[in-house]
Amino acid sequence: MEQVIINGLYLGAQYALIALGLTLIFALMNVLNFAHGQMYVLGGFITYVIYGQLGLPFPLAVICSGLTLAAVGSVIERFLFAPVIKRSAREESTMLLAAAVAFFLDAVILLLFGEKQRGVPKIINGVFVSDSVVMPYDRIVVGVVAMAMIVAFMLYMQYSKPGRAMRALAQDRIAAQLMGVNVDRYSTIGFALGAMLAGLVGGLLVSITGVNSGIGGSISIKAFLMVMIGGAGVVGGAIAGGFILGMMESVGLTLLRNFGDVTYLVIFALLMIFLSIRPHGLMGKPWG
Amino acid sequence: MKDILEISNLTKRFGGLVANNNISFAVKEREILSVIGPNGAGKSTLFKLIASFLHPTSGEVRFRGQRISGLAPHKVARMGVVRTFQETTIFKSMTVRENIVIAHHLRSRASLAGFFLGTSTAQQDEEEFARSADEIIDFLGLGAYRHEMASNLPHGHLRALGIAIGLATNPQVLLLDEPFAGMNQEETKRAIEIVRGVRDRGITVLLVEHDMPAVMNISDRIVVLNFGEKIAEGTPKEIQENPKVIEAYLGVEDTAIGI
Amino acid sequence: MTARQKLGWVIASVAFLLVGVPLLISATGRTDLYYTLTTVALLSIISGGVWLTFYIGRINIGQGAFALIGGYVSAILVTQYGVSFWLTLPLAGLFCAVVSIVIGLPILRLRGVYFAMVTLTMTEVARLSAFALPITNGAKGIVNIPLPGAVTLFGVTIIPDFATLTNPRLAFYITSVVMMVVCFAFLYRLVHSRVGKICQSLQQNEELASSIGVNITYMRILAFAVSSFLGGIGGAMFAAIAQSMYPSSFGVQDSVNFMLNCFLGGLGYVLGPMLGTFVLYFGWDLLFKTGDFQLLIYSSILIVLMLVLPNGLLSIRLPVQKRASL
Chain A
1 MEQVIINGLY LGAQYALIAL GLTLIFALMN VLNFAHGQMY VLGGFITYVI YGQLGLPFPL
61 AVICSGLTLA AVGSVIERFL FAPVIKRSAR EESTMLLAAA VAFFLDAVIL LLFGEKQRGV
121 PKIINGVFVS DSVVMPYDRI VVGVVAMAMI VAFMLYMQYS KPGRAMRALA QDRIAAQLMG
181 VNVDRYSTIG FALGAMLAGL VGGLLVSITG VNSGIGGSIS IKAFLMVMIG GAGVVGGAIA
241 GGFILGMMES VGLTLLRNFG DVTYLVIFAL LMIFLSIRPH GLMGKPWG
Chain B
1 MKDILEISNL TKRFGGLVAN NNISFAVKER EILSVIGPNG AGKSTLFKLI ASFLHPTSGE
61 VRFRGQRISG LAPHKVARMG VVRTFQETTI FKSMTVRENI VIAHHLRSRA SLAGFFLGTS
121 TAQQDEEEFA RSADEIIDFL GLGAYRHEMA SNLPHGHLRA LGIAIGLATN PQVLLLDEPF
181 AGMNQEETKR AIEIVRGVRD RGITVLLVEH DMPAVMNISD RIVVLNFGEK IAEGTPKEIQ
241 ENPKVIEAYL GVEDTAIGI
Chain C
1 MTARQKLGWV IASVAFLLVG VPLLISATGR TDLYYTLTTV ALLSIISGGV WLTFYIGRIN
61 IGQGAFALIG GYVSAILVTQ YGVSFWLTLP LAGLFCAVVS IVIGLPILRL RGVYFAMVTL
121 TMTEVARLSA FALPITNGAK GIVNIPLPGA VTLFGVTIIP DFATLTNPRL AFYITSVVMM
181 VVCFAFLYRL VHSRVGKICQ SLQQNEELAS SIGVNITYMR ILAFAVSSFL GGIGGAMFAA
241 IAQSMYPSSF GVQDSVNFML NCFLGGLGYV LGPMLGTFVL YFGWDLLFKT GDFQLLIYSS
301 ILIVLMLVLP NGLLSIRLPV QKRASL
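Residue numbers (my numbering), protein chains in the order written: chain A, 1 to 288; chain B, 1 to 259; chain C, 1 to 326.
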């Protein structure tokens, strides 16, 4: 029982970070970043190269993952999304663009890194064993780091100038503009930040589950699930969604193991029921 | 005259805000009853509650003795209580005639499948809708715009189209939401005649309005709301002399709300 | 164009597709084109379903799920229960329609990106379920699906057993083209009848549509059910052609492509999905020669397309929904 909870918390922290990135982008631009999973994968591969292949320290590698994705995110927002949003009157265009970007990143990742599953040496050996819980140390470290990042992110959004500007932008675009917030600049910063979060998680998790070029799409979908559960565009919702999905996965994998791993079907069914009662998630704003 | 609509103890809360508080009144068949009150008095909410676009927190609305509050809006329309909308709520990319024809939906005798297959019942319906639409267009003076895109209509005629759409449903009660909004004197005179004409067709008219002279001119009776509550009810003369009403309007002018 | 002229064009086109094309193919010996054209026909049916969901104002990126489900329903019924393929075709469609009604009830009131998000997840969940459920045989999929059998009525063979044909590809081609023509004729009639006007009304202004008595929930679910039906029969047909069905047969990329087909072909035209599918499929096929770079080039072209033509290929007749203003 405790094992299930601890696993759930560990997964939840990772997922929450992924969901935070996605929900930030959605809150700022009403764009669903289909490429979010691919950004995670890219982050994983960068850490793989820097830490796994070049042998540089793991924290450095993870930071590089984050920074690279931030750069990639800024470029994508500034040169692709911003123009399309301005020019197009339909929501489908940005969605198709997001999908195209996801495919593009998939293709790039495949070309650069190949198809094989990649892993890196464990960052810390050993396992924590107690009566009820068995947890490898590296997972504990990664889980704690993830939670620290969540807290750091929330503090940043709450108290820093860019954070406040972005929150104003997310709540009311026009009012924010009237108050002098540079909408274009903060959209770019926000997208970059969201991408960075995905990259950081990818970098962290490559040390535990490895990475391969094919999982991008599934990670994006999981991120969507979290955002749907918790509510799109709300920080608290992303965190809630992340932890809920992490917990459900942990429970599902344990309980439903005998039934052929239909965890996600069950989760989806529950989601459908949940959405009938609360269509916009636990805390979601009714946007769009 | 019988009561065609009974509003009983109608209350609507949005979280902590009480938009309508314990409102009760009855509407008599074939009368023109106006609901007035300062901005924010809860008139829009009341309208939405009557047409069942909102469900009450407590209380109910009855149409010919049958409860309609809490039903789905299309069902209430089907029963004969039809709402028109503020502003330019029309089907923008259809012509004026198409707008009115499609509003005959409730009068279809053919089923969806019938319309798809083009059965004779469906064809009869189509002919009837076309005939009725043309008649309504003439009644409202929209003849010149019959085949114009609805979005191209000048403002005053847009309101007329809104009323036309309401008429096409063959309602028993028509709720007009600010029918005289944004009109000059000429347009208002015409609109008043149209509303009288609607009543003469046997339809009970309930309207929300701000234009006081028009309201006093056209209404058989008036209900006054303030701060979500009903403060007065009566003929135009009674309302004009009612001290509570005077205070409600004067009071608002004194403060600097100015919404 | 008058109605008679239009009908003339339709008959001519159908004749060309059913007779002209096979003649050309046998003349040039390019029998590989049968598979390509059959695929285009089936994909356009599936995209037509997505188009219908657009018509009621929803962005549907979940059609891949229904193609997958339809394919599996047919495959399972044929291989495990010995049902005739031709019967499984409508059954697959109906099964998908029922599933879509169940899912549609909670989600059809969501709009825009929210709805799209849920449908996209649906595709992935369908794939995961295909892996996990015992009846679908997991990653091994369902293989060795026999070719469609014969259909006889009162001793007369209406459809021959495909296994007995020398050129089953031609038979699949003809079946698919006929299906496509029927489906699009259906969609065309739907859109141009009063039913279509009702859908337009709820797409343009839901509240107003409610006030004139349109049962919005019912209409949306109906449209979504028809849309999924089309996805299901397309998928079932694919299962018959490929004679196999895997969890990866239809995925997220396919769902996105179906939407893309509609968008590029023009959301205002019934035949839009046909055109879009044709262009995109041949485009993708042509890029096959670029090998590893196929996806890269394809997605780059898409990105450029979105930058240059953000409002779709053909002009859009349906009202443009203005974004919540900047």
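Note that beta-carbon positions come from the ideal geometry of N, C-alpha and C, so glycine has one too.
Treat the numbers as computed from the prediction; the structure is a model and nothing was measured.
{"Item": "Let's see if you can read the secondary structure: which residues bound the alpha helix (DSSP H) around Thr195(B)?", "Value": "Checking the sequence, you will find Val at residue 195(B) rather than Thr. Run containing Val195(B): Gln185 to Asp200, per the alpha helix (DSSP H) assignment."}
{"Item": "Going along the chain, which residues of the region 121–152 of chain A sit with their C-beta nearer than 8 Å to a C-beta in chain C?", "Value": "none"}
{"Item": "Should the region 200–214 of chain C be called in touch with the region 99–110 of chain C, which here means at least 3 C-beta pairs below 8 Å?", "Value": "no"}
{"Item": "Contact defined as beta carbons within less than 8 Å: I believe Met274(C) pairs with Gly265(C). What is the distance between those atoms, to the nearest angstrom?", "Value": "7 Å"}
{"Item": "Alpha carbon to alpha carbon, what distance is there between Val78(C) and Gly232(C)?", "Value": "15 Å"}
{"Item": "In this structure, what does DSSP give as the bridge partners for Phe63(B)?", "Value": "Leu5(B) and Gln66(B)"}
{"Item": "Check Leu97(A) in the structure and name its three-state DSSP category.", "Value": "helix"}
{"Item": "So the beta strand (DSSP E) Pro136(A) belongs to, where does it begin and stop?", "Value": "Val134 to Pro136"}
{"Item": "Flag Met108(B) as yes if its beta-carbon sits less than 9 Å from any beta-carbon of chain C, otherwise no.", "Value": "It should be noted that the sequence gives Ser, not Met, for residue 108(B). With 9 Å as the cut-off, Ser108(B) counts as an interface residue toward chain C."}
{"Item": "Does DSSP put Ile215(A) in a helix, in a strand, or in coil?", "Value": "coil"}
{"Item": "Among the residues of its own chain, which have a CB less than 8 Å from the CB of Leu54(B), if the five just before and after it don't count?", "Value": "Lys12, Thr45 and Lys48"}
{"Item": "In the DSSP output, which residue or residues are listed as bridge partners for Thr95(B)?", "Value": "Met149(B)"}
{"Item": "Could you say if the region 126–139 of chain A and the region 231–247 of chain A meet the contact criterion of at least three C-beta pairs nearer than 8 Å?", "Value": "no"}
{"Item": "Between Ser120(B) and Arg107(B), what straight-line distance do the alpha-carbon atoms span, to the nearest angstrom?", "Value": "15 Å"}
{"Item": "Just confirm the distance between the C-beta atoms of Ala195(A) and Val84(A), as a whole number of angstroms; I'd bet it's less than 8 Å.", "Value": "Not a contact, Cβ separation roughly 17 Å."}
{"Item": "What does Asp292(C) touch in chain A if you count any residue whose Cβ is under 9 Å from its own?", "Value": "Ala107, Leu110 and Leu111"}
{"Item": "Of the residues that make up the region 185–205 of chain C, which ones have a beta carbon closer than 8 Å to any beta carbon in chain B?", "Value": "Arg189, Leu190, Ser193, Arg194, Val195, Lys197, Ile198, Gln200, Ser201, Gln204 and Asn205"}
{"Item": "Just the C-alpha distance for Met135(A) and Met39(A), rounded to the nearest angstrom, thanks.", "Value": "28 Å"}
{"Item": "Does the beta-carbon of Phe293(C) have 16 or more other beta-carbons within 10 angstroms, so that it is buried, or is it exposed?", "Value": "exposed"}
{"Item": "Kindly list, in the order they appear in chain B, the residues whose Cβ is closer than 8 Å to that of Ile216(C).", "Value": "His74"}
{"Item": "Quick one: list the residues of chain D neighbouring Arg109(C), beta-carbon separation under 7 Å, in chain order.", "Value": "Looking at the structure shown, chain D is missing, and the protein chains on hand are A, B and C."}
{"Item": "Output the boundary residues of the alpha helix (DSSP H) element that contains Ala170(A).", "Value": "Lys161 to Gln171"}
{"Item": "Beta strand (DSSP E) containing Asn22(B): first to last residue?", "Value": "Leu17 to Lys28"}
{"Item": "Ignore the nearest five residues each way along the sequence and tell me which others in Ile50(B)'s own chain have a CB closer than 6 Å to its CB.", "Value": "Val61"}
{"Item": "Per DSSP, Leu206(B) is paired with what?", "Value": "Leu33(B) and Leu175(B)"}
{"Item": "Give the residues of chain A in contact with Glu207(C), contact being defined as C-beta atoms less than 7 Å apart.", "Value": "Those do not exist, as Glu207(C) stays about 15 Å from chain A at its closest Cβ, beyond 7 Å."}
{"Item": "Out of Phe229(C), Leu202(C) and Leu260(C), point me to the one whose CA is closest to Tyr218(C)'s CA.", "Value": "Leu202(C)"}
{"Item": "Residues of the region 208–221 of chain A with a CB closer than 7 Å to any CB of chain C: list them in chain order, please.", "Value": "Gly217, Ser218 and Ile221"}
{"Item": "Drop a sphere of 10 angstroms on the beta-carbon of Val19(C), count the other beta-carbons inside from all chains shown, and report buried for 16 or more, exposed for fewer.", "Value": "exposed"}
{"Item": "Does any residue of chain C bring its CB to less than 9 Å from the CB of Tyr186(A)?", "Value": "no"}
{"Item": "Could you name the residues that DSSP lists as bridge partners for Lys12(B)?", "Value": "Asn20(B)"}
{"Item": "By the three-class DSSP mapping on this structure, what secondary structure does Glu115(A) have?", "Value": "coil"}
{"Item": "Which residue or residues does DSSP assign as beta-bridge partners of Thr157(C)?", "Value": "Thr152(C)"}
{"Item": "Check for me: the beta strand (DSSP E) holding Lys230(B) runs from which residue to which?", "Value": "Glu229 to Gly234"}
{"Item": "Hey, Val96(B) and Leu161(B) are a contact pair by Cβ (cut 8 Å); roughly how many whole angstroms apart?", "Value": "6 Å"}
{"Item": "Can you check which of these residues, Phe91(B), Pro243(B), Asn152(B) and Pro154(B), is closest to Cys199(C) by C-alpha distance?", "Value": "Phe91(B)"}
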